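A short worksheet on the structure shown next.
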Amino acid sequence: MGSTMEPPGGGYLHLGAVTSPVGTARVLQLAFGCTTFSLVAHRGGFAGVQGTFCMAAWGFCFALSGLVVACEFTRLHSCLRFSWGNFTAAFAMLATLLSATAAVIYPLYFTRLECPPEPEGCAVRDFRLAASVFAGLLFLAYAAEVALTRARPGQVASYMATVSGLLKIVQAFVACIIFGALVHDSRYGRYVATQWCVAVYSLCFLATVAIVALSVMGYTGGLGCPFDRLVVVYTFLAVLLYLSAAVIWPVFCFDPKYGEPRRPPNCPRGSCPWDSQLVVATFTYVNLLLYIADLAYSQRIRFVPTL
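Start counting the sequence shown at 1; every next residue gets the next number (UniProt numbering).
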């Protein structure tokens, strides 16, 4: 967490911000991101919630990547009163998840090998295919940055660059998927037990976001207790809470006594509560595994809050 600019003798511009391996990955992110949403906006087209999400994800990642490169190149990040290392590591992981999701959703909903009828024709198909390719390359560029900046075993680094820190971003992202399924007619309000599961998802999400925010703002050193110990205790509690949800949710949604063990035959696809319940159950187990992995890795983290 810096508060002053680099001395004049050191130069104000940092060429390594664009020539180093990490800098090259960030330049490629800008190139692939700009190309992707330009192809979609020009002729590829998008529609509905899925297309809007893809464009929003690409636009958000491009804007933040541009800000990161500009701050690194001009050394302005040394004036910012938060942990730059934690911020860039957290953003790279989040952008990897967003770009991966968009790289799957856009081809799935908008790309076909056959040409659509006129007036769109084969030109629109070609633009959509090209956009899908560049969306995949964009994901690889963000994944490369995560791989290059991830803390190695025994290395002293910012918390968000450790495996435990990166897993926090994934856990929050998975929780957002769970919330999306919950609000899509999942009927979680029928039982107190399923409401408990929603409380578990909400509590763990808020606590995870708070840990990420404290790390990025550089406030982990002023909590009154060691941050690494606090993380381990919270992660252990999160494992127990998610374990309870992993047992309770399937029972009250898919057991014949309380719910439907199989998908109802007259339930329309895309607007069926059973589908939403299945998504919640699946990603509950995904997050449970993520928290267990987090607990294992958080036992041996070494980090510097101000990096």
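Using N, Cα and C, we set each Cβ at its ideal position, and we do this for glycine too.
Just so you know, these numbers come straight off a predicted model, no measurement behind them.
Alpha-carbon spacing of residue i relative to residue j, whole angstroms
i	j	result
P261	L237	30 Å
T162	I292	15 Å
A207	F46	35 Å
V133	T52	18 Å
P117	V124	10 Å
residue 314	P265	Absent from the structure is residue 314, since the part of the chain shown begins at 1 and ends at 307.
E72	L30	14 Å
P250	N287	15 Å
M55	L140	18 Å
I177	Y12	42 Å
Q171	R43	35 Å
A151	R26	18 Å
I211	D126	44 Å
R263	P256	12 Å
R190	A100	34 Å
A213	T284	23 Å
A135	V68	20 Å
C204	C122	47 Å
Y159	A193	35 Å
A281	V200	13 Å
Contacts around residue i, its chain only, beta-carbon distance under 8 Å, and the 5 residues preceding and following it disregarded
i	result
S298	S164, D228, V231, V232 and T235
C34	F62
L243	L288
A70	L76
Residues near residue i in its chain [Cβ-Cβ closer than 7 Å; skip 5 each side]
i	result
P268	none
G59	F37
G9	At G9 the pLDDT is 47, less than 50, meaning the model places this residue with poor confidence; the figure from the coordinates comes in the next sentence. Cβ neighbours of G9 beyond the five flanking positions: none.
Cβ-based neighbour list, residue i, same chain, cut-off 6 Å, excluding 5 preceding and 5 following
i	result
T96	Y142, A143 and V146
V279	A181
R187	P273
Check your understanding: Does the count of Cβ pairs from the segment 15-29 and the segment 139-147 closer than 8 Å reach three?
Key -> Contact annotation: the segment 15-29 touches the segment 139-147, with at least three C-beta pairs closer than 8 Å.
Review point. Is there contact here, the segment 99-109 with the segment 68-81, by at least three beta-carbon pairs under 8 Å?
Key: Between the segment 99-109 and the segment 68-81 there are fewer than three C-beta pairs closer than 8 Å, too few to call the two in contact.
Check your understanding: At a cut of 8 Å, does the segment 55-67 reach the segment 110-117 through at least three beta carbon pairs?
Key -> Output reads no: the segment 110-117 does not touch the segment 55-67.
Point to revise | Complete runs of the beta strand (DSSP E) confined to the segment 57-102 [at least 3 residues] | key: Secondary structure within the segment 57-102: not one fully enclosed beta strand (DSSP E) run of 3 or more consecutive residues is present.
Check your understanding: Using 8 Å as the threshold, is the segment 273-283 in touch with the segment 214-222, meaning 3 or more CB pairs across them?
Key -> Because the criterion of three Cβ pairs below 8 Å is not met, the segment 273-283 and the segment 214-222 do not touch.
Exercise for review: Note down, one range per segment and in chain order, each beta strand (DSSP E) of at least 3 residues found wholly within the segment 28-59.
Suggested key: Counting only runs of 3 or more residues that sit fully inside the segment 28-59, no beta strand (DSSP E) segment turns up.
Practice item. Ignoring anything shorter than 4 residues or poking outside the UniProt domain "MARVEL" (159-303), list the alpha helix (DSSP H) runs there in chain order. Key: Annotation: the UniProt domain "MARVEL" (159-303) contains the following complete segments of the alpha helix (DSSP H) (minimum length 4 residues), in chain order: 163-183, 192-217, 227-254 and 273-297.
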